[in-house]
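Notes follow the structure.
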Amino acid sequence: MPHVAGSDDSANSRESTSARPPEHHNGPGRDGSARGDLAGSDLAGSDLLDDDPGPRDACGVFGVWAPGEDVANLTYYGLYALQHRGQEAAGIAVGDGRTVVVFKELGLVAQVFDEITLGSLSGHVAVGHTRYSTTGSSTWENAQPSYRTATFGGPIALGHNGNLTNIVELASVLGERERGLGATTDSDLITAMLAAHPGPTLAEAAMDVLPQLKGAFSLAFSDASTLYAARDPHGIHPLVLGQLDGRPDGAWIVASETAALDIVGATFVREIEPGELLVIDADGPRSLRFAEADRHVCLFEYVYLARPDTTIGGRSVHATRVEVGRRLALEAPAEADLVIPVPQSGVPAAVGFAEASGIPFGEGLVKNSYVGRTFIQPSQTIRQRGIRLKLNPLRDVIEGRRLVVVDDSIVRGNTQRALIRMLREAGATEVHVRISSPPVRWPCFYGIDFATRSELIASGSGVEEIRQSLGADSLAYVSLDELIEASEQPADSLCRACFDGIYPVPLADTDKLGKYRLESFGPQTTEEVIAQAIQARVTLGMNGADPSPDNHDADLEADLEADLGTDLGADIAAVPLVPTRTTGGSL
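Read in order, the letters of the sequence shown are residues 67 to 653 in this note's numbering.
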């Protein structure tokens, strides 16, 4: 049974861009990328609170091999379907058999691409990416797909979802020359390793490089002619194969989620297996095994990360969340008049809770759909706006009622604390909080951006302490066993590290796994790293957030001190802002 904490129930306590045309490249020493200008956009959404980043996923990947189709447009719509996995940057790379053209920029998919840009991306193979930064700063260089020219000839473009855990080791082995300048991500490190391999083909390079990678990686990458997809031996994040409807002769899609297949009119074929490299060309998909499978799919995908209309491991994410709500109602009942969700991710579990408890379901909070997804934005500055920019209570629904408020997770707790206060101000007589996941007590090193225990309220507090901190009348989480049963996956096939601290990929030195760790390599000084990180936040500030140093310097300083192992001093606001470096350009 879960622990239910309640102040009155202690006796019953139980456990727009104006984008320029892309640049065409087909030779060594050229980046192969183009950038647009992000101005006046609504990229900078507002969080519910100023210091509660919550769970944020790394990225979404999408790939197409479809001669005769408009692969750039297909990829654009595929990325739209995966926008929830990353709102920080987007990019598309297209190959025509001879060259690869990459266009990427900071911003949402609709802000980065327009008809003119998409029309200039012609070919038969494409790779797309939506990014949230879990390794490396929020800069244009770190946007994906990353691009390199291979030693054995030809271009490589790559998109990556996940995080590597041996980046320092790999970066040291690769060397400064092969890593190059600019990008500071594990994704670019993978691309550089593939490009530095003697070949003679990208498939052979991948079969040698992929076994060297440790951690989580779902990859979509290409040369000028062929699409490749690969998934780490644990299959931590999803990756699926689909076939475009009406093209039995062969038009193939790879994507982070099955929902993206639905959006572009493709039929689900199968999951890409853990430890599998898939090669797709005129002969169709060809499967190569680079490692034995030891399946440990991220359980948090079912809780929050994936779209509800996605299927993972044969199980609907929406059905899982509804079932979790039912089980939560039986484990942790509450005396209440109304069940309300924290929209949108709390809705399915709230529906299940209402069904099982017999308490009516209602919508007590109105969400502003035009504000970006809370937990995808990395900058502290955009969390300085009031909670009501994102959610507003319906007083006529709430006033005079005892509420059960269902949310998917608690990371720091500040969001829930503000919500409870807001609901009481709107007239709620009692607020009982029910969480459709167990307490998040351990950091994630595989692609969700809570990488230190200090960020997690449950890592050092019991349920009753958390309840008191939030100001709720009662608080309960679903148990880990019930969550696993609701997913209908074997317990030993899931990564539950954030809940139980058992990591499927051994972590030799967590001090080397910081978000900005690769920025300590190469020619950049610490000041340059800080300045670039600040510049990225100021870019977001230009689009609606407050870029005042007071709003983010302390958080940025703490992040960088932890990741770089250095004392940056108390006032990084004095560091001059520098423009983001670019390589490549536009025609």
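Here a beta-carbon is modelled for each residue, glycine too, at the ideal position from N, C-alpha and C.
Start-to-end residues for the alpha helix (DSSP H) that takes in residue i
i: H384; result: V383 to E397
i: I329; result: T324 to I329
i: R487; result: N480 to E491
i: D254; result: D252 to A262
i: A538; result: Taken as a continuous stretch (DSSP letters only), A538 belongs to no alpha helix (DSSP H), as it is neither H nor E.
i: D274; result: L268 to V275
i: L140; result: V137 to A147
Contact set for residue i: own chain, Cβ-Cβ below 7 angstroms, skip 5 residues either direction
i: H384; result: P374, D375 and P414
i: G537; result: R483, I486 and R487
i: V175; result: Y142, L145, Y146, Q149, A156 and T196
i: P299; result: P340, G341, A357, E358, A359 and D360
i: G220; result: D289 and A290
i: V330; result: L140, Y143, G144 and I319
i: G316; result: G350
DSSP state of residue i mapped onto helix, strand, coil
i: A100; result: Interpretation of A100 is limited by its pLDDT of 46, a score under 50 that renders its predicted location unreliable; no figure is taken from the coordinates.
i: D212; result: Before going further, note that residue 212 is Ser rather than Asp in the sequence given. Three-state result, S212: strand.
i: Y436; result: coil
i: A563; result: helix
i: R583; result: Low per-residue confidence applies at R583: pLDDT is 45, beneath 50, and the placement is therefore not dependable, though the value from the model is reported in the following sentence. Correct three-state label for R583: helix.
i: E154; result: coil
i: V417; result: helix
i: A232; result: Sequence check: residue 232 is Asn here, not Ala. Coil, per DSSP.
i: R336; result: strand
i: Y198; result: coil
i: T183; result: helix
i: V369; result: helix
i: P426; result: coil
i: P299; result: coil
i: V571; result: coil
i: R519; result: helix
i: E342; result: strand
i: A611; result: Caution is warranted here: a pLDDT of 31 is assigned to A611, below 50, making its placement in the model unreliable, and the coordinate value is therefore given only provisionally. Three-state result, A611: coil.
i: V191; result: strand
i: A71; result: strand
i: L174; result: coil
i: A524; result: helix
i: I476; result: coil
i: D117; result: For D117, the predicted structure reports a pLDDT of 43, less than 50, and the residue's modelled location is therefore unreliable. The matter cannot be settled from this model.
i: S238; result: helix
i: A400; result: coil
i: E465; result: coil
i: W508; result: coil
Residue span of the beta strand (DSSP E) that contains residue i, given as start and end
i: P221; result: P221 to N227
i: S553; result: Unbroken run through S553 is the alpha helix (DSSP H), L546 to S553; no beta strand (DSSP E).
i: G129; result: C125 to W131
i: I21; result: The structure shown does not extend to residue 21, since the chain is modelled only from 67 through 653, so no value can be given for it.
i: A359; result: Taken as a continuous stretch (DSSP letters only), A359 belongs to no beta strand (DSSP E), as it is neither H nor E.
i: D473; result: R468 to D473
i: V499; result: E496 to I501
Same chain, Cβ closer than 6 angstroms to residue i, five either side skipped, listed in chain order
i: P664; result: Given that the chain is displayed from residue 67 to residue 653, the structure contains no residue 664 and the question cannot be resolved.
i: N232; result: K280
i: F565; result: P504 and L546
i: G301; result: P340, R361 and V363
Sequence-distant residues of the same chain with beta carbon closer than 8 angstroms to residue i, five excluded per side
i: I568; result: R562
i: I222; result: V166, Y213, R214, T215, A216, T257, L260, A261, L268, F287, S288 and D289
DSSP beta-bridge partners of residue i
i: T377; result: S382
i: W318; result: W131 and Q309
i: A286; result: G225 and A295
i: P459; result: L431
i: D347; result: G350
i: G281; result: L230
Identity of the residue in the options nearest residue i by Cα
i: E491; options: R461, G412, S253 and A422; result: R461
i: H263; options: T251, E358, Y143 and V239; result: V239
i: V529; options: T495, I514, R478 and E554; result: R478
i: I256; options: G163, L230 and G526; result: L230
i: N208; options: A176, G219, D252 and P221; result: D252
i: E465; options: G412, E521 and L404; result: L404
i: S475; options: S322, P570 and R387; result: R387
i: E131; options: W318, G526, P314 and T377; result: Checking the sequence shown, residue 131 turns out to be Trp, not Glu. The shortest Cα separation from W131 among W318, G526, P314 and T377 belongs to W318.
i: E496; options: A420, E554, L560 and I406; result: I406
i: V470; options: G225, D360 and L394; result: L394
i: K170; options: W206, I523 and H362; result: W206
i: S423; options: V432, E401, G129 and S411; result: E401
i: P409; options: Q210, I346, A494 and Y370; result: Y370
i: A138; options: V168, Q153 and G163; result: V168
Residue i CB to nearest heavy atom of the ligand GDP below 7 angstroms
i: G312; result: Ligands are entirely absent from the displayed structure, and the ligand GDP is therefore not among its contents.
CB contact check: residue i to chain C, cutoff 8 angstroms
i: T196; result: The question asks about chain C, but that chain is absent: this structure has only one protein chain.
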